[in-house]
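> Structure incoming, see below.
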Amino acid sequence: TIPTLFITVQSHADFTTTPDNSNIRHLFLPDKNTNLGFDLYIGFDKYKAIDPVTYANDTRQLQEWAVSERKYFKNEFQLFLEAEIVCCRGVLTTIAKTPHYKDDTWRLVAVKQDGIIYLDDCGVVDERTFVSRNEWDARSTYCGHHFPRFMTKDKDGRKHEAGDDVVNSRETYNGVFRSDIILPDLSRIKLTYSADQGSGST
């Protein structure tokens, strides 16, 4: 079903989280006749990647938000809008791509508590801590974080210029969504998940 956004949670460079829009960026579309000429590799030497030791695939934002908001709800089931599964979008991507990338190994942790299954990418494969497997993968990941900067403005309306700031993958704007997966027999899996967003409208 179409995901419904019900809260935004920000992740910051110092590993704190806040339930607000402090990291929001707004879509900025250059004129279609403009020669963009993006060099997405600029600033790679200053790139602040997610620390492999604390890599948690954004589940931490959900955890800290849930702890701060729990007192306002009768139970976690109500807090997560009656979801049966709680996770981050990265976990769903990992599972969904498996039939197409059969050589990619992964390991998830599933914990069931009070009727809710929590899925987490534990961040370790074959006893190796990972974020980027090699230089090419690291550069590709950097480009993926860098490109949205060129296509958005920050909350103060400032456009990104190549090399004018450090791309920090720990500075994220995350939405928490509620959706259902409809199975062939029309039964539903109720899902709440967090997702890093390149831009927002709030």
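Counting in full-length UniProt numbering, the sequence shown runs from 1 upward without gaps.
Idealized CB from N, CA, C, for every residue including glycine.
1) If I follow the unbroken beta strand (DSSP E) through S179, where does it start and stop?
2) Give the secondary structure of I24 by DSSP, where H, G and I count as helix, E and B as strand, and everything else as coil.
3) Using the rule of at least 16 other Cβ atoms within 10 Å of the residue's Cβ for burial, across every protein chain shown, is P52 buried or exposed?
4) Buried or exposed for V91, please, with buried defined as at least 16 other CB atoms from any protein chain shown within 10 angstroms of its CB.
5) How many angstroms separate the CA atom of S179 from the CA atom of N35?
6) Is Y72 helix, strand or coil by DSSP?
7) Let me confirm a value: N23 is counted as buried when at least 16 other C-beta atoms fall within 10 Å, else exposed. Which label applies?
8) Inspect the CB distances between the stretch 180-200 and the stretch 73-88 and report whether three or more fall short of 8 Å.
9) Straight-line CA distance for G43 to G144?
10) Taking the straight line between their C-alpha atoms, what separation do you get for G157 and W65?
Checking against the coordinates, here is how it stands:
1) Sequence index remark: in the sequence shown, residue 179 carries index 179 (1-based). Its beta strand (DSSP E) spans residues 172-182.
2) Within the sequence shown, numbered from 1, the residue matching residue 24 stands at position 24. Correct three-state label for I24: coil.
3) Here residue 52 corresponds to residue number 52 of the sequence shown, with the count starting at 1. Per-residue confidence for P52 stands at a pLDDT of 49, beneath the threshold of 50, marking its modelled position as unreliable; no derived number is given.
4) Numbered from 1 along the sequence shown, position 91 holds the residue referred to as residue 91. Buried: at least 16 other Cβ atoms inside 10 Å.
5) Within the sequence shown, the letter at position 179 stands for residue 179. Within the sequence shown, the letter at position 35 stands for residue 35. Distance between the alpha carbons of S179 and N35: 39 Å.
6) To locate residue 72, count along the sequence shown from 1; it is residue 72. In the structure shown, Y72 sits in a helix (DSSP, three-state: H, G or I).
7) Position 23 of the sequence shown, counted from the first residue, corresponds to residue 23. When all chains shown are included, N23 counts as buried.
8) yes
9) Taking the sequence shown and counting its residues from 1, one reaches residue 43 at position 43. Taking the sequence shown and counting its residues from 1, one reaches residue 144 at position 144. G43 and G144: Cα-Cα distance of roughly 13 Å.
10) Here residue 157 corresponds to residue number 157 of the sequence shown, with the count starting at 1. Here residue 65 corresponds to residue number 65 of the sequence shown, with the count starting at 1. Cα to Cα, the separation comes out at about 27 Å.
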